[in-house]
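K.L.:
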Amino acid sequence: MTTTFSAGDTAWVLAAAALVLLMTPGLAFFYGGMTRAKSVLNMMMMSFGAIALVGVLWVLIGYSMSFGTDWFGGLVGNFDKFALHGTLSTGDDMALAGTIPELAFVGFQGVFAIITVALISGAIADRAKFGAWMVFAFFFSILVYFPVAHWVFDANKDANGNFIGGWLNGLGVIDFAGGTAVHINAGAAGLALALILGKRNGFGKDPNHRPHNLPFVMLGAGLLWFGWFGFNAGSALGANGVAAFAWINTLVAPCAAVLGWLIVEKLRDGHATSLGAASGAVAGLVAVTPACAAISPLWAIVLGLLAGAVCALAVGLKYRFGYDDSLDVVGVHLVGGIVGTLFIGLAAGPGAPSKGQGLFYGGGFELLGKQAIGAGSVLVYSFVLSLVIGWIISKTMGFRVSTEAEEAGVDIALHAETAYSAGTAGSTGASFHPLGSKAQAEVDAFNADDLLARPSGKQTGKKINA
Amino acid sequence: MKLITAIVRPEKLDVIREALEAYGVQGITVSAASGYGQQRGYTEVYRGAEYSVDLLPKIRIEVLATDDQTDDILDVIITTSNTGRAGDGKVWTVDVHEAIRVRTGERGAAAI
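In order, the protein sequence lines correspond to chains W and L.
Just so it is clear: in the first sequence, position 329 is 329 by UniProt numbering, and no numbers are missing.
Just so it is clear: in the second sequence, position 61 is 61 by UniProt numbering, and no numbers are missing.
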């Protein structure tokens, strides 16, 4: 198959990849605002830790395992492209993926891997050891995300045009930008970790568990939405009509989802809340992710309303079933991902770029069945593997901080930092010194009393009772 | 001498302070306080979960007054801080044995 390089497509995909990277710091704000003030830094660090670790893993083996030559009948890629081998040649002979350099595709897919891992951290807010989280992120990436990305996204064909990509892709499951690979995957893993770690102390009772900074949550949701245009429209891998189609759906579905969530809140709780608006936007974005090139904008509005309302109801499940999915990774990402993935089986229409006919367009139950297989297989695989990885970590190095550390706040216990010092400024009784042996020696030699006692020094104060 | 302590709505601080100044009060002490009275607190809702917040933010105003000023100052505070709704706060007085101005050592009414 011969393809030609397109500067326009390349420019868009590179920009889209940068937008998707911004989603993870956005997620850090979204999640950070929802935690207590004493654990906001740890919450944000789990996202930044995912960026650092998964970024490196992706270049080393992730891309190869996701998009390298297929192994085991569509289950995983091999290690032929270790450290991006075969994609780096420059000049005229640069390897292309479609009309863009393969390297641009590597980058675009890499930021998907990063945010998928970061999403999981919302289920274990306030109580996970940072080191254990990083170990989990390492094994989840290798054992779960890279294979699942291969299942869903790899559409490679051999020289004769025979399909040699991932098994879900080959089956005909429609997942344009990662409803299964990213959101169901992260949501199922989040549920597994919430069960492994157990509830926070005071879960469901302590009023201090409420979000400490809702403007952060709104800011984070805004950054996520902005980046999501790269996530969905970038998945067209070109500056074209498919990208525009996905873009419009990425606008309208979250808008409808905000309305859906707020209507449920107003009817159920009596108030339309800012946390609800931010959550509704994210729920709509999650749901439209797999569907954004498969359903018309009119159906995207229906999907958004549905996803907003369903997710608003689903976030209450944790109180009913007694698991502490702290920031509702299950209620928003797992449930939203399932709603969007299955909705394709109903409303996928002939006018949309992704070819497939849903139930409403005379396609019968075939596509719906495939979508269910896609959602179910990723859900079960991710949940079981995450449960095993999390269980092994909790039995070896321990996954959860001590009760004392949780009460004091994981920011101080894990990172030796605090986000805020309001109310204590100027009278903390604290001391400060630079770290390091030389600096420490100078600090030790320094004695403030010497300054006061020095006879030649400028002294303005009088001795009392002299 | 009396110490007048008023626990009032935070948003009423400015109007109370201006009224006290107009009456002739020289100085007041203001501090942040939190608490609840008969009406208790309020309820916040986050993703369908309710959190009841019982300790509400209040302002504590303390004024030293001579005995003959006390009733007038109480009137000023009560009329300016009253909204007619629950949560307006409380005012009380206690006897003060001595007051001393730190800078000059003046005592009693002169220190007020």
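Backbone N, C-alpha and C fix where the C-beta goes; we use that ideal spot for every residue, glycine too.
Just so it is clear, the structure is predicted and the values come from calculations on it, not from any experiment.
Less than 9 Å between the beta carbons of residue 48 of chain W and residue 221 of chain W, yes or no?
P.N.:
no
K.L.:
Which class does residue 325 of chain W belong to by DSSP, given the choice of helix, strand or coil?
P.N.:
coil
K.L.:
So, does the CB of residue 200 of chain W fall closer than 9 Å to a CB anywhere in chain L?
P.N.:
no
K.L.:
What residues in the stretch 280-292 of chain W have a beta carbon less than 8 Å from any beta carbon of chain L?
P.N.:
Here the close residues number zero.
K.L.:
If you draw a straight line from the C-alpha of residue 401 of chain W to the C-alpha of residue 197 of chain W, how long is it?
P.N.:
10 Å
K.L.:
Please decide whether residue 33 of chain L counts as near chain W, where near means a Cβ-Cβ distance under 9 Å.
P.N.:
no
K.L.:
Does the beta carbon of residue 46 of chain L sit closer than 9 Å to a beta carbon anywhere in chain W?
P.N.:
yes
K.L.:
Which partner residues does residue 163 of chain W have in the DSSP bridge list?
P.N.:
W:157
K.L.:
Assign residue 402 of chain W to one of three DSSP states: helix, strand, or coil.
P.N.:
coil
K.L.:
I'd like to know whether the C-beta atoms of residue 207 of chain W and residue 34 of chain L end up nearer to each other than 9 Å.
P.N.:
no
K.L.:
Helix, strand or coil for residue 102 of chain L, going by three-state DSSP, please let me know.
P.N.:
coil
K.L.:
Under 7 Å between beta-carbons, which chain W residues line up against residue 53 of chain L? List them in chain order, please.
P.N.:
207
K.L.:
Would you kindly report the start and end of the unbroken beta strand (DSSP E) that includes residue 94 of chain L?
P.N.:
It spans 89-95 - the beta strand (DSSP E) in which residue 94 of chain L sits, taken as one unbroken run.
K.L.:
Residues in the stretch 304-317 of chain W with C-beta within 9 Å of chain L's C-beta atoms, listed in sequence order?
P.N.:
312, 313, 315, 316
K.L.:
Between the stretch 35-52 of chain L and the stretch 75-82 of chain L, can you find at least three pairs of beta-carbon atoms closer than 8 Å?
P.N.:
no
K.L.:
Within 9 Å of any Cβ in chain W, is that where the Cβ of residue 50 of chain L sits?
P.N.:
yes
K.L.:
Between the Cα of residue 233 of chain W and those of W:223, W:219, W:250, spot the shortest distance and give me the residue it belongs to.
P.N.:
For the residues W:223, W:219, W:250, the minimum Cα distance to residue 233 of chain W belongs to W:250.
K.L.:
Is there contact between the stretch 291-303 of chain W and the stretch 241-256 of chain W, where contact requires at least three CB pairs shorter than 8 Å?
P.N.:
yes
K.L.:
Return the first residue and the last residue of the alpha helix (DSSP H) that residue 4 of chain L is part of.
P.N.:
Where residue 4 of chain L is concerned, there is no enclosing alpha helix (DSSP H), although the beta strand (DSSP E) it sits in stretches over 2-8.
K.L.:
Could you give the DSSP three-state label for residue 111 of chain W: helix, strand or coil?
P.N.:
helix
K.L.:
Could you tell me whether any Cβ in chain L is nearer than 9 Å to the Cβ of residue 516 of chain W?
P.N.:
With chain W represented from 1 up to 466, any question about residue 516 of chain W goes unanswered, as that position is not in the structure.
K.L.:
Less than 6 Å between C-beta atoms, sequence neighbours within five positions excluded: which residues of the same chain meet that for residue 60 of chain L?
P.N.:
7, 31, 33
K.L.:
List the endpoints of the continuous alpha helix (DSSP H) containing residue 370 of chain W.
P.N.:
366-396
K.L.:
Go through its chain and collect everything with a Cβ distance to residue 309 of chain W's Cβ below 6 Å, but skip five positions before and after it.
P.N.:
260, 264
K.L.:
Use the C-beta contact count for residue 52 of chain W: other C-beta atoms within 10 angstroms, 16 or more gives buried, fewer gives exposed.
P.N.:
exposed
K.L.:
Specify the secondary structure class of residue 435 of chain W as computed by DSSP and reduced to three states.
P.N.:
Correct three-state label for residue 435 of chain W: coil.
K.L.:
Determine which residues share a DSSP beta bridge with residue 58 of chain L and list them.
P.N.:
According to DSSP, which records beta bridges pairwise, residue 58 of chain L is partnered with L:33.
K.L.:
Hey, residue 301 of chain W and residue 252 of chain W are a contact pair by Cβ (cut 8 Å); roughly how many whole angstroms apart?
P.N.:
Contact flag correct, Cβ pair sits at about 6 Å.
K.L.:
For chain L, find out if any of its Cβ atoms is closer than 9 Å to the Cβ of residue 270 of chain W; answer yes or no.
P.N.:
yes
K.L.:
What residue does the beta strand (DSSP E) around residue 18 of chain L start on, and which one ends it?
P.N.:
Where residue 18 of chain L is concerned, there is no enclosing beta strand (DSSP E), although the alpha helix (DSSP H) it sits in stretches over 13-23.
K.L.:
Does the CB of residue 215 of chain W have a neighbour CB from chain L at under 9 Å?
P.N.:
no
K.L.:
Please confirm if the stretch 375-393 of chain W is in contact with the stretch 199-214 of chain W, defined as three or more CB-CB distances below 8 Å between the two stretches.
P.N.:
In short, these stretches do not touch, since the Cβ pair count stays below three.
K.L.:
Quick check: the Cα distance between residue 145 of chain W and residue 56 of chain L, rounded to an integer number of angstroms?
P.N.:
47 Å
K.L.:
Among the residues of its own chain, which have a CB less than 6 Å from the CB of residue 328 of chain W, if the five just before and after it don't count?
P.N.:
315
K.L.:
Once DSSP output is grouped into helix, strand and coil, what is the label at residue 56 of chain W?
P.N.:
Here residue 56 of chain W sits in helix by DSSP.
K.L.:
Would DSSP call residue 211 of chain W helix, strand or coil?
P.N.:
In this structure, DSSP gives residue 211 of chain W a state outside helix and strand, which the three-state scheme calls coil.
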